[in-house]
Amino acid sequence: MDPIAELSRLFLFRNWPREDLSQLLREGRFTNHRQGDVLFEAGESCDQLLVLEAGRVQLFRVAPDGRAIPLHLVNGPALIACAALFLDQCFPASARVVSREARLFRYPGDSFLKMLERRPDLSRRMIAALATRIGELADRLEAGLSQAARTRVARWLSEQPTSRQQDGKRVIVLSEPKKVIANTLSMTPETFSRELAHLRQEGIIEVHGRTIVLADPARLLEI
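For the sequence shown, the numbering used here begins at -8 and goes up steadily by one.
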């Protein structure tokens, strides 16, 4: 994909002029990461803007006994620890990739802040993008809390990318542990597994380890 087109798909830069996106790419870059990669550690200087294009990143702190204490799961597309950059602070927590793969856009923090100082029009565009994003997340949270667990699982399944089997049925391959998926759906892993079992018993899906076959996608959409 054209890097400028890829950059324009990120919510933060969606309404930026093409020439400004081109300028971002002169200093910024996309980076690919694998599950388990640590992006930064608590206490390190926050010297770059980090935009998660795709994947999931777990923010955590390490307890005195060495245990990693989960704090927040970031689902792409999203900003990662942007407050530390704007407040000129160190990272308050560590971050680790928990999805199979993740892709980020990185831009030098000092250059980004100076750009916003020079270009108040870009500052307004960014504020508008963040405000819109907050509204979208609030709507999603309200919808998620008001829906039954069964509905949330069915909706999530219907939104996942699929491939087609030889028999024509659509297949989803889970790229993350079920406990991570359950967390994104605001439910326990036990509830997520139970709802999958109910859908399987009703003949709507088939579950084979990390592979889920959509046996009756029409009924899934009706839930």
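All C-beta atoms in this analysis are idealised placements derived from N, C-alpha and C, irrespective of residue type, glycine included.
On a predicted model such as this, the values are computed, not experimentally measured, just so you know.
Cut-off 7 Å between Cβ atoms - residues of its own chain near residue i, not counting five sequence neighbours on either side
| i | result |
| --- | --- |
| residue 179 | 173 |
| residue 39 | 97, 98, 99 and 100 |
| residue 275 | Past the edges of the chain, shown from -8 to 214, lies residue 275, and the structure says nothing about it. |
| residue 76 | 37, 40 and 100 |
| residue 35 | 81 and 82 |
Status (buried if at least 16 other CB within 10 Å, exposed otherwise) for residue i
| i | result |
| --- | --- |
| residue 119 | exposed |
| residue 90 | buried |
| residue 85 | buried |
| residue 49 | buried |
| residue 116 | buried |
| residue 72 | buried |
| residue 126 | exposed |
| residue 53 | exposed |
Residues that DSSP places opposite residue i in a beta bridge
| i | result |
| --- | --- |
| residue 66 | 47 |
| residue 42 | 70 and 96 |
| residue 61 | 51 |
| residue 161 | 155 and 205 |
| residue 4 | Per DSSP, none; premise fails for residue 4. |
Three-way DSSP call (helix, strand, coil) for residue i in this model
| i | result |
| --- | --- |
| residue 198 | strand |
| residue 22 | strand |
| residue 89 | coil |
| residue -6 | helix |
| residue 77 | helix |
| residue 176 | coil |
| residue 31 | strand |
| residue 36 | strand |
| residue 193 | coil |
| residue 166 | coil |
| residue 111 | helix |
| residue 84 | coil |
| residue 217 | In the structure displayed, the chain extends from -8 to 214; residue 217 sits before or after that span and is not available. |
| residue 214 | coil |
| residue 101 | helix |
| residue 11 | helix |
Same chain, Cβ closer than 6 Å to residue i, five either side skipped, listed in chain order
| i | result |
| --- | --- |
| residue 68 | 1, 2 and 44 |
| residue 170 | 180 |
| residue 87 | 29 and 49 |
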